[in-house]
Structure formats: structure tokens, C-alpha cells
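Colleague: Going by our numbering, the first residue of the sequence shown is number 6, and it counts up by one from there.
From the three backbone atoms N, C-alpha and C, an ideal C-beta is built for every residue, glycine too.
Structure provided below as C-alpha cells; questions to follow.
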Amino acid sequence: MNTAQVLNHLPAFDFSDEYNIAPLPLHVMAVDTHKCVFCGEAPIWNTYEEYEDHFWKYEYEGERYHRPDDREEWEVVTATCTAS
Numbered sequence: 006m007n008t009a010q011v012l013n014h015l016p017a018f019d020f021s022d023e024y025n026i027a028p029l030p031l032h033v034m035a036v037d038t039h040k041c042v043f044c045g046e047a048p049i050w051n052t053y054e055e056y057e058d059h060f061w062k063y064e065y066e067g068e069r070y071h072r073p074d075d076r077e078e079w080e081v082v083t084a085t086c087t088a089s
């Protein structure tokens, strides 16, 4: 089995000004596996609402500044591929 990661050579999108996230290319999802063909990542949640529900149930620790990502940042992070 080949475990070498294939680099994603698509152009990187620069989100750093607004979200302080490194420039990364988008995932390229395989139709049959629903995983990125470059990094192998698959979505954990199907919707932002599922992510937010999980955050409040299992990740929130009671601190007033501990909040889930907003919808736009969540979409940016889940859309980008780290195999670059």
C-alpha cells in the first residue's frame, strides 16, 4: 500500500487577511469515497449546524470567549486542502 501523500498543485486561495489562515488550495473530492484525492480528508459534518451542535455539546468548556467558528470561517477551513 502506498501511503505517500500526493501534493495538491491547484492554486492556493489567500484567506489570511480576513481569517488568518495560510493560503491553501481547495479539496478535490472523489465521487466514490467523498474524500479529497490529495490529502484524504473527508467531511466530519455535513452541515454547519451539525458542527455547531457538536461544539456546544462536546467542546464548549464554559469560557465566555470559547465560541465555535462562524459559518464563513468553518466553510473556508473545511474547503481547503493541506496537501500543498
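Measure the CB-CB distance between alanine 88 and phenylalanine 18 and report whether it falls below 8 Å.
Modeller: no
Colleague: Just how far apart, CA to CA, sit tryptophan 61 and phenylalanine 20?
Modeller: 26 Å
Colleague: With a threshold of 8 Å, are at least 3 pairs of Cβ atoms found where one atom belongs to the stretch 45-62 and the other to the stretch 77-85?
Modeller: yes
Colleague: Is leucine 29 near threonine 85, with beta carbons less than 8 Å apart?
Modeller: yes
Colleague: State the DSSP-derived secondary structure class of methionine 6, mapped to helix, strand or coil.
Modeller: Its pLDDT being 45, under 50, methionine 6 is placed unreliably in this model, and the coordinates cannot settle the point.
Colleague: Along the chain, where does the alpha helix (DSSP H) containing glutamate 64 start, and where does it finish?
Modeller: From DSSP, glutamate 64 is part of no alpha helix (DSSP H); its letter is neither H nor E.
Colleague: Rounded to a whole number of angstroms, what is the C-alpha to C-alpha distance between histidine 59 and glycine 45?
Modeller: 22 Å
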